[in-house]
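Trainee: Have a look at this one.
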Amino acid sequence: MKITLKVKLITTDEQAKTLLGTMELFNKACDWISEKAFEAKVFNAYDLHYLLYKEGRDVFPSLPSQSMIRAIAKVSDSYKADRKKRHFFRDHSAMEYDRRTLSFKDLSHASLATIGGRIKVPLVFGHYAPLDKNKMLGQADLTYSKGKFFLNLVIDLPDDPPFKPKGSLGIDRGIVNLSTDSEGESFSGETVDKVRERSTAHKARLQKKGTKSAKRRLKKVSGREARFKKDTNHVISKRIVSKAKGTCRAIVLEDLKGIRDGITVMHSQRERFGKWAFGQLRSFILYKAMMSGVPVLFVDPRNTSRQCSCCGHLDRKNRKSQSEFHCVQCGFSLNADHNAAINIASRASVNTPIAV
Ligand SMILES: [Zn+2]
Numbered sequence: 031m032k033i034t035l036k037v038k039l040i041t042t043d044e045q046a047k048t049l050l051g052t053m054e055l056f057n058k059a060c061d062w063i064s065e066k067a068f069e070a071k072v073f074n075a076y077d078l079h080y081l082l083y084k085e086g087r088d089v090f091p092s093l094p095s096q097s098m099i100r101a102i103a104k105v106s107d108s109y110k111a112d113r114k115k116r117h118f119f120r121d122h123s124a125m126e127y128d129r130r131t132l133s134f135k136d137l138s139h140a141s142l143a144t145i146g147g148r149i150k151v152p153l154v155f156g157h158y159a160p161l162d163k164n165k166m167l168g169q170a171d172l173t174y175s176k177g178k179f180f181l182n183l184v185i186d187l188p189d190d191p192p193f194k195p196k197g198s199l200g201i202d203r204g205i206v207n208l209s210t211d212s213e214g215e216s217f218s219g220e221t222v223d224k225v226r227e228r229s230t231a232h233k234a235r236l237q238k239k240g241t242k243s244a245k246r247r248l249k250k251v252s253g254r255e256a257r258f259k260k261d262t263n264h265v266i267s268k269r270i271v272s273k274a275k276g277t278c279r280a281i282v283l284e285d286l287k288g289i290r291d292g293i294t295v296m297h298s299q300r301e302r303f304g305k306w307a308f309g310q311l312r313s314f315i316l317y318k319a320m321m322s323g324v325p326v327l328f329v330d331p332r333n334t335s336r337q338c339s340c341c342g343h344l345d346r347k348n349r350k351s352q353s354e355f356h357c358v359q360c361g362f363s364l365n366a367d368h369n370a371a372i373n374i375a376s377r378a379s380v381n382t383p384i385a386v
């Protein structure tokens, strides 16, 4: 199975200028090839190469030769769908990279061929589990959006399809407990809260100072906080995925995108979910689950914390406090997050189409 992973490039201003220039030239070349291809009614990559490569090298001498080959391939591909009219390429349309124009020494930097020679750019890979470099196919599109560059890497995953789950492991995410599963195992957010509070105070002081060295320190503190969050999310997601895999269960998450219910759900939960990079935890879980063939299901998140997981009674009064759930109808009581996680698990039918 092939998936695409979008990673951000951390460019210096100069690198950004070079990359943008390269991208624009690449697309100019595509446009030029497209015009000639359409005139000659030649669309096959092999024939186009024969027809245009040499001339293209003369017209765009600063474009790396391998990028000219990719440009020909891109134009040829684009005409596969429609040959009735000439195709145009926007300045900032995606630029194709391959093994010859893109390499990774380790996973922290990408080396890209540009109009200014090879440049080495740091990558933000951190959101994903350590990747096996060999799984990367060396194919990637460079994209540009709102002043930032991204590499859309094509990754080859092991072909074992997700297993057929025999049950479900519900995950409730919160602030006090970052995550609680339907078996009651939870990861406390206490340490995380402390770190955040400390950094927030520290950052505010530095911000007020406003000196150059304070700004440098500010960056450092922010970086440390982000790394701590990331590490914690890695630990949590790893545990959840290995537990689900070990017990042949699907992971069930709240569908926070509100795909089914409109944006209101998202909005009402923003307060609760906004603070701690929940998006990150979610993406770690999804990614790790995908890597190990664990199915992930999404359920409607409404009222998971107010409904009794024992009798199904739904009442605001069921939730006595942040941590306490007590059903006013049947008397069942449990840790509130645990109760919510059981609801999440039971809302998923294992017959629901698999999300990843
Ligand atoms: Zn009840």
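Every number in the working numbering is 30 more than the matching position in the sequence shown, counting from 1. Even for Gly, the Cβ is constructed at its ideal location relative to N, Cα and C.
1. At which residue ranges does the stretch 64-110 contain complete alpha helix (DSSP H) runs of 4 or more residues, listed in the order of the chain?
2. What separation, rounded to the nearest whole angstrom, lies between the Cα atoms of residue 374 and residue 275?
3. Could you tell me whether the Cβ atoms of residue 225 and residue 153 are closer together than 7 Å?
4. Please report the distance separating the alpha-carbon of residue 55 from that of residue 121.
5. When burial is assigned at 16 or more other CB atoms within 10 Å of the CB, is residue 76 buried or exposed?
6. Residues in the same chain with beta-carbon distance under 7 Å from residue 340, minus the five sequence neighbours each way, listed in chain order, please.
7. Taking only three categories from DSSP, how would you classify residue 119?
8. Which one of 114, 177, 278 has the shortest CA to CA distance from residue 40?
9. Near residue 51, which residues of its chain fall below 8 Å by C-beta distance, leaving aside the five closest residues on each side in sequence?
10. Measuring CB to CB, does residue 282 end up less than 7 Å from residue 351?
11. Nearest-angstrom Cα distance between residue 264 and residue 318?
12. Which two residues bound the contiguous beta strand (DSSP E) that contains residue 354?
13. In the DSSP assignment, find the unbroken beta strand (DSSP E) run with residue 148 in it and report its ends.
14. Using beta-carbon positions only, say whether residue 131 and residue 169 come within less than 7 Å of one another.
15. Could you pull the DSSP bridge partners for residue 280 from this structure?
16. So, using beta-carbon positions, are residue 68 and residue 116 closer together than 7 Å?
17. Among residues of its own chain, excluding the 5 on either side of residue 79, which ones have a beta-carbon nearer than 8 Å to its beta-carbon?
18. Who are residue 169's beta bridge partners in DSSP?
19. Is residue 343 near ligand 1, in the sense that its beta carbon is under 6 Å from a heavy atom of that ligand?
20. Pop quiz: residue 206 and residue 262 are said to be a contact at Cβ under 8 Å. What is the actual Cβ separation, rounded to whole angstroms?
21. Return yes when at least one heavy atom of ligand 1 lies under 6 Å from the C-beta of residue 359, else no.
Mentor: Concretely, from the data shown:
1. For the stretch 64-110, whole alpha helix (DSSP H) runs of length 4 or above, ordered along the chain, are 75-89.
2. Their backbone Cα atoms lie some 18 Å apart in a straight line.
3. In this structure, residue 225 keeps its C-beta atom at 7 Å or more from the C-beta atom of residue 153.
4. Just so you know, the alpha carbons of residue 55 and residue 121 end up roughly 8 Å apart.
5. Counting of Cβ neighbours within 10 angstroms places residue 76 among the exposed residues, the total staying below 16.
6. Cβ neighbours of residue 340 beyond the five flanking positions: 357, 360, 362.
7. It is coil, neither helix nor strand.
8. In terms of Cα proximity to residue 40, the closest of 114, 177, 278 is 177.
9. Result list for residue 51: 144, 145, 146, in chain order.
10. No.
11. If you take the alpha carbons of residue 264 and residue 318, they lie about 9 Å apart.
12. Unbroken beta strand (DSSP E) run through residue 354: 354-356.
13. Judged by DSSP secondary structure, residue 148 falls within the beta strand (DSSP E) whose first and last residues are 147-154.
14. The answer is no: Cβ separation not under 7 Å.
15. The partner list for residue 280 (beta bridge, DSSP) reads 198.
16. The answer is yes: Cβ separation under 7 Å.
17. If we look at residue 79 and ignore the five residues flanking it on each side, its Cβ neighbours are 99, 102.
18. Residue pairing by DSSP places residue 169 opposite no residue, since no beta bridge is assigned to it.
19. Yes, the Cβ of residue 343 comes within 6 Å of a heavy atom of ligand 1.
20. Not quite, the Cβ-Cβ distance comes to about 14 Å (not below 8 Å), so this is no contact.
21. With a threshold of 6 Å, the Cβ atom of residue 359 counts as near ligand 1, since some heavy atom of the ligand is closer than that.
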